[in-house]
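Trainee: Going by this note's numbering, the first residue of the sequence shown is number 208, and it counts up by one from there.
Just passing along the structure, written as structure tokens.
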Amino acid sequence: MAKDKKKSKKPFGIIIIIVILLLIFLGWKSGWFSGQGDGGNDSEQQTTQVEERGETTSSEASDQEIDITVTGDKIVYNGTTVSSEDLREKIQNWAPNATVNLTDDAAIKATYEDVLSILTEAGVTIKETTK
208 MAKDKKKSKK PFGIIIIIVI LLLIFLGWKS GWFSGQGDGG NDSEQQTTQV
258 EERGETTSSE ASDQEIDITV TGDKIVYNGT TVSSEDLREK IQNWAPNATV
308 NLTDDAAIKA TYEDVLSILT EAGVTIKETT K
């Protein structure tokens with residue numbers, strides 16, 4: 208009688224190990240283990256990355272309008288009274304081609320000229336109006 212040979216289970220085990228290692232490698236490369244490939248909203252992640260770098264997208268840059276009113280010696284920036292130093296700091300967060308609606312409401316000449324020079328230095332587009 209012929210001997211019954213047992214089939215070896217080694218090739219099956221090796222194939223399983225190779226598949227598992229391949230999945231781990233591919234998962235690591237695609238970011239599964241770092242939380243990036245979790246099926247989340249990719250545009251949300253891209254927006255976060257853009258915000259972290261301090262960049263603005265073209266849609267943000269073209270839509271940005273800032274209202275500044277100079278009344279007497281007060282500078283009103285989007286409804287809030289600010290000093291000229293605060294205005295200089297806020298300019299740094301603006302898009303380079305932002306549009307500023309500058310309103311002269313019985314402003315003191317020196318204050319108005321100070322605001323105008325700050326905006327001119329920043330290189331923004333200025334729309335001047337007088338009340």
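Here a beta-carbon is modelled for each residue, glycine too, at the ideal position from N, C-alpha and C.
Under a Cβ-count criterion, where at least 16 other Cβ atoms within 10 Å of its own Cβ denotes burial, should A314 be classed as buried or exposed?
Mentor: Classification for A314: buried.
Trainee: Could you pull the start and end residues of the alpha helix (DSSP H) that I315 belongs to?
Mentor: Note, I315: premise wrong, no alpha helix (DSSP H); not H, not E.
Trainee: In terms of DSSP beta bridges, what is E335 paired with?
Mentor: Paired residues: L309.
Trainee: Within 10 Å of its beta-carbon, does I325 have 16 or more other beta-carbons around it, so buried, or fewer, so exposed?
Mentor: By the 10 Å Cβ count, I325 comes out buried.
Trainee: Counting only the same chain and skipping the five closest in sequence on each side, list residues whose C-beta sits under 6 Å from that of D280.
Mentor: Cβ neighbours of D280 beyond the five flanking positions: I315 and T318.
Trainee: Look at the Cβ atom of D274, then the Cβ atom of N308, and state whether they are nearer than 8 Å.
Mentor: Yes, these two residues count as a Cβ contact at 8 Å.
Trainee: Round the Cβ separation of T282 and A329 to the nearest angstrom and send it over; I've been treating them as touching at under 8 Å.
Mentor: Before going further, note that residue 282 is Ile rather than Thr in the sequence given. That belief does not hold up - the Cβ atoms of I282 and A329 are roughly 14 Å apart, past 8 Å.
Trainee: Which of helix, strand or coil does DSSP assign to D293?
Mentor: If DSSP states are grouped into helix, strand and coil, D293 belongs with the helices.
Trainee: With burial defined as no fewer than 16 other Cβ atoms inside 10 Å of the residue's Cβ, what is the status of V277: buried or exposed?
Mentor: With 16 or more Cβ atoms within 10 Å of its Cβ, V277 is classed as buried.
Trainee: For the alpha helix (DSSP H) that G330 lies in, which residues bound it at each end?
Mentor: No alpha helix (DSSP H) holds G330; DSSP gives it neither H nor E.
Trainee: When DSSP labels each residue in this structure, what does G238 get in the three-state scheme?
Mentor: Here G238 sits in coil by DSSP.
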